[in-house]
Amino acid sequence: MMLSERSILCAARNGYDYVREGRNPSPEDAIQYALNLHEHHDLPLTNAYTAAIAQFRSLRSEHHIARTVALREAEAYGIQFGPSQVEISVTKEEKALDTWHRKAELDAGALAARKRWKTIVEREPGPWSRGQDYVRLWQEGVRPTYSPMLSGTGAPSEADIDLGEDFVPGTQDVEESVDKDVSLMADYTPVQAES
438 MMLSERSILC
448 AARNGYDYVR
458 EGRNPSPEDA
468 IQYALNLHEH
478 HDLPLTNAYT
488 AAIAQFRSLR
498 SEHHIARTVA
508 LREAEAYGIQ
518 FGPSQVEISV
528 TKEEKALDTW
538 HRKAELDAGA
548 LAARKRWKTI
558 VEREPGPWSR
568 GQDYVRLWQE
578 GVRPTYSPML
588 SGTGAPSEAD
598 IDLGEDFVPG
608 TQDVEESVDK
618 DVSLMADYTP
628 VQAES
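The numbering used here applies: residue 438 is where the sequence shown begins, and numbers increase by one.
Take a look at the structure:
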């Protein structure tokens, strides 16, 4: 029995009437064919394996040549093939790896711009004072600065510190609104539900 294409398709894959489907066998098909030759045609396993592998290589070679000729014929007619899935994946991976190199090249200004809403501490932390230093500076009228020093101007000027409460625009409007809400809450008396 030869491992060749037959016109009659057989439902059974084993036995005396073994049929291989298709012209491009897989390695599993070759092993199945060798096993079929050994079990149902009484060939020694070595001879069955040798025959199966020889036919497998012959069919694979035929398939490779047919595919290569078809590809060259298509290119001769002007068909252009795009990148394969492997090439697309490699391109994506290279782009992802390039971002690692770019991150190393970013300067402090670009990093600060990317972290726009995060605190950036540009000094060594001092000893923990449980907020006593903060309260002392607040009582002295020194306003804290939490923004990063991108321009390199350093600490706020004396004129900024002397402005006090008026330094932040809209502070009085907020205080008036809070006072109004507090006075309304003082007049509120809860009503108890009757049971």
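Glycine is no exception: its CB is placed at the ideal position from the N, C-alpha and C atoms. The model shown is predicted, which means the values in this text are computed figures rather than measured ones.
(Q) Rounded to whole angstroms, what is the Cα-Cα separation between glycine 519 and threonine 483? (A) 45 Å
Q. When the distance is taken between beta carbons, is arginine 460 closer than 9 Å to tyrosine 470?
A. no
Q. What is the C-beta distance between alanine 503 and alanine 467, in whole angstroms, given that I count them as a contact (C-beta under 8 Å)?
A. Rounded, the Cβ-Cβ distance is 19 Å, inconsistent with contact.
**Q.** Rounded straight-line distance, which links the Cα of alanine 511 to that of proline 464
**A.** 29 Å
Q: May I have the straight-line CA-CA distance separating tyrosine 455 from histidine 477, to the nearest angstrom?
A: 10 Å
Q: Can you give me the start and stop residues for the alpha helix (DSSP H) that glycine 573 sits inside?
A: According to the sequence provided, residue 573 is arginine. The question's glycine does not apply to it. Note, arginine 573: alpha helix (DSSP H), 569–576.
Q) Is glutamine 469 helix, strand or coil when you go by DSSP? A) helix
Q. Helix, strand or coil: how does DSSP classify glutamate 510 here?
A. helix
Q. Got a sec? Which residues, its chain only, sit under 8 Å from proline 481 by beta carbon, not counting five neighbours each side?
A. His475
Q. When you compare only the Cα positions, how much space is there between serine 498 and threonine 487?
A. 16 Å
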